[in-house]
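Engineer: At position 243 of the sequence shown the residue is numbered 258 (full-length UniProt numbering), and the sequence of numbers has no breaks.
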Amino acid sequence: NQILGRKFRSGFVALIGRPNVGKSTLMNHVIGQKIAIMSDKPQTTRNKIRGVYTDETGQIVFLDTPGIHKPQSKLGELLVRTSRNALEEVDLILFLVDAAAGAGPGDQFIMENLKEVKTPVFLVVNKIDQVHPDDLLPLIDQYRNRFSFAEVVPISALQGNNTNALLQQIFFYLPEGPMYYPADQVTDHPERFIVGELIREKVLELTREEVPHSVAVVVEEVKARPDNRIVDVMATIYTERPSQKGILIGKKGALLKEVGSRARKDIERLLGVKIFLDLWVKVKKDWRNEELMLRRFGYTE
Ligand code: GDP
Ligand code: K
Ligand code: MG
Numbered sequence: 016n017q018i019l020g021r022k023f024r025s026g027f028v029a030l031i032g033r034p035n036v037g038k039s040t041l042m043n044h045v046i047g048q049k050i051a052i053m054s055d056k057p058q059t060t061r062n063k064i065r066g067v068y069t070d071e072t073g074q075i076v077f078l079d080t081p082g083i084h085k086p087q088s089k090l091g092e093l094l095v096r097t098s099r100n101a102l103e104e105v106d107l108i109l110f111l112v113d114a115a116a117g118a119g120p121g122d123q124f125i126m127e128n129l130k131e132v133k134t135p136v137f138l139v140v141n142k143i144d145q146v147h148p149d150d151l152l153p154l155i156d157q158y159r160n161r162f163s164f165a166e167v168v169p170i171s172a173l174q175g176n177n178t179n180a181l182l183q184q185i186f187f188y189l190p191e192g193p194m195y196y197p198a199d200q201v202t203d204h205p206e207r208f209i210v211g212e213l214i215r216e217k218v219l220e221l222t223r224e225e226v227p228h229s230v231a232v233v234v235e236e237v238k239a240r241p242d243n244r245i246v247d248v249m250a251t252i253y254t255e256r257p258s259q260k261g262i263l264i265g266k267k268g269a270l271l272k273e274v275g276s277r278a279r280k281d282i283e284r285l286l287g288v289k290i291f292l293d294l295w296v297k298v299k300k301d302w303r304n305e306e307l308m309l310r311r312f313g314y315t316e
């Protein structure tokens, strides 16, 4: 690599953007493994999940931040704080926007917050597979008129268009540095957390609007049997109201069973072993506003 020389580069890159612009999809595409949960509902990513990309040029540690949005509860405030902190610590910020949806007030809110951060910011225009090429430049101008971006990179995270060019641009902005993680490590998150996120993803998939984001998953136990061929996972899904618990369990337990069976498949792929999944549903009123529960669910720093 002529421009970069032979020196190894490394650094931390934050992914920010409104819900559903494709942050998780981009990271999953780059890392090539399902580590950040994806769904078509907003704000399914609550914690920052690190994905690590390594090649001969260097290493990029991605932070999939919950995104900056206007806080509506204690959980919301916590998310905004987490995001801002993440932005101060990183070498580069990728501000993802949705080419198909266009610029909106949510983007404006984020750009206002970014003005106070010194870290360079890329405008990453995602979902270009969904727009006519002629519409792209005017859209980019809308953003450029409001913020001074270090680079503008149009991509399709879903199809992988231009994502290699994005990686090369990222390396160009990273300092010379060490390998922070072993080359074969894709995430430093405890598997337990990812297991919980996979279960929560299935709940969101299967319950639609009835059980919204008032659901949290606590993985109580991940334990391999003595023969090492089966891993027992015990997890509790917390809802805010008894009615939601009823919906989640479903007729004769059908819905919970489906949640379990879908989650089990993903967990088995993640851990590479057979899983026995034991799922429970409990009601914990108003957990979103209780600091103690937040800490227990792992949402604090
Ligand atoms: P996040 O909330 O920013 O993490 O967004 P997700 O990664 O969960 O993506 C939200 C939705 O947009 C999902 O249904 C994705 O499949 C879809 N999506 C993400 N990237 C693209 C893209 O490049 N093209 C298209 N057509 N859809 C995308
Ligand atoms: K999402
Ligand atoms: Mg996400």
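Think of the CB as a built atom: it goes at the ideal place given N, C-alpha and C, for glycine as much as any other residue. Because the structure is a prediction, the values reported are computed rather than measured.
Just to confirm my understanding: we take K297, look at its own chain, exclude 5 residues before and 5 after, and list those with CB closer than 8 Å. What are they?
Structural biologist: Within the sequence shown, residue 297 is the residue found at index 282, counting from 1. Close CB contacts of K297 within its chain, under the 8 Å cut and outside five residues either way in sequence, are with T251, I252, Y253, T254 and K260 (chain order).
Engineer: Taking CB distances under 8 Å as the criterion, tell me whether A180 reaches chain D.
Structural biologist: The chain inventory of the structure shown lacks chain D, comprising one protein chain alone.
Engineer: Measure from the alpha carbon of E127 to the alpha carbon of each residue in V45, H147, L270 and G32, then state which is nearest.
Structural biologist: As a first step, residue 127 is located in the sequence shown; it is residue number 112 there, counting from the start. Selected option, being the one with the closest Cα: G32.
Engineer: Let's test the definition: count the other Cβ atoms within 10 Å of the Cβ of F291 and tell me whether it reaches 16, buried, or not, exposed.
Structural biologist: For this step, residue 291 is matched to residue 276 along the sequence shown. Exposed: under 16 other Cβ atoms inside 10 Å.
Engineer: Less than 8 Å separating the beta-carbons of K142 and A118?
Structural biologist: For the purposes of this step, residue 142 is taken as the residue at position 127 of the sequence shown. For the purposes of this step, residue 118 is taken as the residue at position 103 of the sequence shown. Not in contact: K142 and A118 (Cβ atoms no closer than 8 Å).
Engineer: Spell out the partners DSSP gives V218 in its beta bridges.
Structural biologist: In the sequence shown, residue 218 corresponds to position 203, counting from 1. None, per the DSSP bridge assignment.
Engineer: Output the boundary residues of the alpha helix (DSSP H) element that contains F187.
Structural biologist: To locate residue 187, count along the sequence shown from 1; it is residue 172. Looking at the DSSP string, the run of the alpha helix (DSSP H) that includes F187 is T178 to Y188.
Engineer: Starting from L107, trace the beta strand (DSSP E) both ways and give me its first and last residue.
Structural biologist: Within the sequence shown, residue 107 is the residue found at index 92, counting from 1. Note, L107: beta strand (DSSP E), L107 to D113.
Engineer: Which residue comes first and which comes last in the beta strand (DSSP E) that contains L294?
Structural biologist: Translated into positions along the sequence shown, residue 294 becomes position 279. Taken as a continuous stretch (DSSP letters only), the beta strand (DSSP E) holding L294 covers K289 to V298.
Engineer: Are F186 and V139 closer than 8 Å when you measure CB to CB?
Structural biologist: The sequence position of residue 186 within the sequence shown is 171, counting from 1. The sequence position of residue 139 within the sequence shown is 124, counting from 1. Cβ atoms of F186 and V139: not closer than 8 Å.
Engineer: What number of angstroms, rounded off, separates the C-alpha of V36 from the C-alpha of I170?
Structural biologist: Position 21 of the sequence shown, counting from 1, holds the residue named residue 36. Position 155 of the sequence shown, counting from 1, holds the residue named residue 170. Rounded to whole angstroms, V36 to I170 spans 12 Å at the Cα level.
Engineer: Roughly how many angstroms separate the alpha carbons of E216 and S258, rounded to a whole number?
Structural biologist: In the sequence shown, residue 216 corresponds to position 201, counting from 1. In the sequence shown, residue 258 corresponds to position 243, counting from 1. So the alpha carbons of these two residues sit roughly 20 Å apart.
Engineer: Express the C-alpha separation of P153 and A239 in angstroms, rounding to a whole number.
Structural biologist: In the sequence shown, residue 239 corresponds to position 224, counting from 1. In the sequence shown, residue 153 corresponds to position 138, counting from 1. In a straight line, the C-alpha of A239 is about 55 Å away from that of P153.
Engineer: What do you reckon, are the CB atoms on V232 and I209 nearer than 8 Å?
Structural biologist: Here residue 232 refers to the residue found at position 217 when the sequence shown is read from its first residue. Here residue 209 refers to the residue found at position 194 when the sequence shown is read from its first residue. Contact: no.
Engineer: To the nearest angstrom, how far is it from the Cα of E283 to the Cα of M249?
Structural biologist: If you number the sequence shown from 1, residue 283 lands on position 268. If you number the sequence shown from 1, residue 249 lands on position 234. So the two alpha carbons sit approximately 14 Å from each other.
Engineer: Look at the alpha carbon of L285 and the alpha carbon of K266, and state the distance between them as a whole number of angstroms.
Structural biologist: As a working note, residue 285 is residue 270 in the sequence shown. As a working note, residue 266 is residue 251 in the sequence shown. C-alpha of L285 to C-alpha of K266: approximately 30 Å in a straight line.
Engineer: Tell me whether G26 sits in a helix, a strand or coil according to DSSP, three-state version.
Structural biologist: Counted from its first residue, the sequence shown places residue 26 at position 11. Three-state DSSP puts G26 in a strand.
Engineer: Excluding the 5 residues preceding and the 5 following R244 in the sequence, name in chain order all residues of the same chain whose CB lies nearer than 8 Å to its CB.
Structural biologist: By one-based count along the sequence shown, residue 244 stands at place 229. Residues of the same chain with a CB within less than 8 Å of the CB of R244, apart from the 5 flanking positions on each side, are V288 and K289 in chain order.
Engineer: State the DSSP-derived secondary structure class of A116, mapped to helix, strand or coil.
Structural biologist: As a working mapping, residue 116 is identified with position 101 in the sequence shown. The answer is coil: DSSP assigns A116 none of H, G, I, E or B.
Engineer: Could you please give the first and the last residue of the uninterrupted beta strand (DSSP E) stretch that includes M249?
Structural biologist: Along the sequence shown, one-based indexing puts residue 249 at 234. That run of the beta strand (DSSP E) goes I245 to T254.
Engineer: By a C-beta neighbour count over all protein chains shown, 10 Å radius and 16 as the cutoff for buried, is R279 buried or exposed?
Structural biologist: Here residue 279 refers to the residue found at position 264 when the sequence shown is read from its first residue. Flag for R279 reads buried.
Engineer: Would you check if the distance between the CB atom of V76 and the CB atom of F27 is smaller than 8 Å?
Structural biologist: In the sequence shown, residue 76 corresponds to position 61, counting from 1. In the sequence shown, residue 27 corresponds to position 12, counting from 1. Yes, Cβ-Cβ distance for V76 and F27 is below 8 Å.
Engineer: Hey, V237 and E206 are a contact pair by Cβ (cut 8 Å); roughly how many whole angstroms apart?
Structural biologist: Locating residue 237 in the sequence shown gives position 222, where the first residue counts as 1. Locating residue 206 in the sequence shown gives position 191, where the first residue counts as 1. The pair is a contact, with the Cβ atoms about 7 Å apart (cut-off 8 Å).
Engineer: Under 8 Å Cβ to Cβ from E225, same chain only, skipping five residues before and after it: list those, please.
Structural biologist: On the sequence shown, position 210 is the one that residue 225 refers to. The residues are Q259 and I262.
Engineer: Flag this pair as yes or no: are the beta carbons of D144 and Q174 separated by less than 8 Å?
Structural biologist: Sequence index remark: in the sequence shown, residue 144 carries index 129 (1-based). Sequence index remark: in the sequence shown, residue 174 carries index 159 (1-based). Yes.
Engineer: What do you reckon, is the C-beta of A278 under 7 Å from a heavy atom of the ligand GDP?
Structural biologist: Position 263 of the sequence shown, counted from the start, is the residue given in the question as residue 278. A278 Cβ: outside cutoff for every heavy atom of the ligand GDP.
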